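When we follow the working numbering, the leftmost residue of the sequence shown carries the number 5, and every step to the right adds one. As structure tokens, the structure follows; a few thoughts come after it.
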Amino acid sequence: MQKRLRRPRFLFGAAIVAGMLAGGCGNSDNFVFTNTVAPPVTPNPPVAVNDARSALGNATVTYSAANGVLTNDTVNGATITAFDSAGSAGGTVVVNPDGSFTYTPLFGFVGSETFSYTLSNAFGTSTATVTMTSTGEGWFVDNTAGTTGNGSQADPFDTLLEAVAAAGAGDTIFVARGDGSSTGLSDNITVPQGVDLVGEGQGLVLSQTIVPIGGFPSFTGTVTLLGDNTVSGIAFDGVNNAIDASSVPNIVISNNLFRDSTTSAVMMDLSDIQTSLVVSGNTFTQDN
């Protein structure tokens, strides 16, 4: 008498299928096998979030990946597939795959400028806007530069007098070491109120480094300050009255070199400073 085959039973999930082998196959045997059904894939598109960063007029700023555009995004394996190479006010932008980026505003631009970038993966795209804001301009001096520079980081002035004439409140004058001599750096200057004078010995740093710390530029004139000024990273060489900041408000003098004074005269006049005075980290040497 022929035996009927029993229909297998299928249980899905972590499924067990059981059946009976019979009829024409010798002795009947029970058998068990399993089949795992993969769960459905959950779509996870990227989420790009808007950013805001600081900038400086006339200067190029580079933000590392640690402070780049991806730091506040939900990436979900996405990559940067597009970005604006020109900002909303004409500045230039380069965004790298790791989220680091470089921004250079148009010469003379101060204010807020935006650019966008897009993240994409298999499940979608997301676009965010980066706002770059500058509140002042940088005026750059390098005595090895040509005589026709406009004072930008890319095309610096070759004399300090030019930078002082161009600067206004909220600006920063940055002086490179140059050739190490005082060529172009020997005239007496008056720094306008609200302008900072920074040498390469201090470096130029916002939230990111614009110019790293290097050698001190050699200055052989007198600096007169009109208030709300910082002087840092400059070598005052052979100057008996290097800084005059009497009767003005809010002065910071830090990390400068005062070298080779020929007399025991006071190298700085800081009498009657109003509101705030900070003098720190300076080095003084005197010829015998």
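Even glycine gets a Cβ: it sits at the ideal position worked out from N, Cα and C. Values in this document were obtained by computation on a predicted structure and should not be read as measured data.
DSSP places E166 inside the alpha helix (DSSP H), whose first and last residues are L164 to A170. Setting aside the 5 residues that flank it on each side, V215 is surrounded in the same chain by F178, E204, G207 and L208, each with a C-beta closer than 7 Å to its C-beta; the list follows chain order. Within the region 186 to 267, the beta strand (DSSP E) runs of at least 3 residues that lie entirely inside it are, in chain order, 193 to 195, 200 to 203, 213 to 215, 227 to 229, 233 to 236, 239 to 241, 253 to 258 and 261 to 265. A direct Cα-to-Cα measurement between N154 and P160 gives close to 6 Å. In this structure, A69 places its C-beta atom within 8 Å of the C-beta atom of G103. A Cβ-Cβ contact shorter than 8 Å links D232 with Q197. Here the alpha carbon of A249 sits roughly 60 Å from the alpha carbon of G128.
Counting the other Cβ atoms within 10 Å of the Cβ of D183 gives fewer than 16, which makes it exposed. Boundaries of the beta strand (DSSP E) around R57: D55 to S58. Going by DSSP, G128 is part of the beta strand (DSSP E) stretching over G128 to T137. Residue pairing by DSSP places I177 opposite W143 and L201 in a beta bridge.
Taking 8 Å as the upper bound for CB-CB distance, S222 and A239 are in contact here, some 5 Å apart.
Between the alpha carbons of V98 and Y107 lies a distance of about 7 Å. Burial of P50 is indicated by the presence of at least 16 other C-beta atoms within 10 angstroms of its C-beta. For N125, the uninterrupted beta strand (DSSP E) segment begins and ends at S116 to N125. According to the DSSP secondary-structure assignment, D273 is paired through a beta bridge with D248. Taking a 10 Å sphere around the C-beta of V53, we find fewer than 16 other C-beta atoms and assign the residue as exposed.
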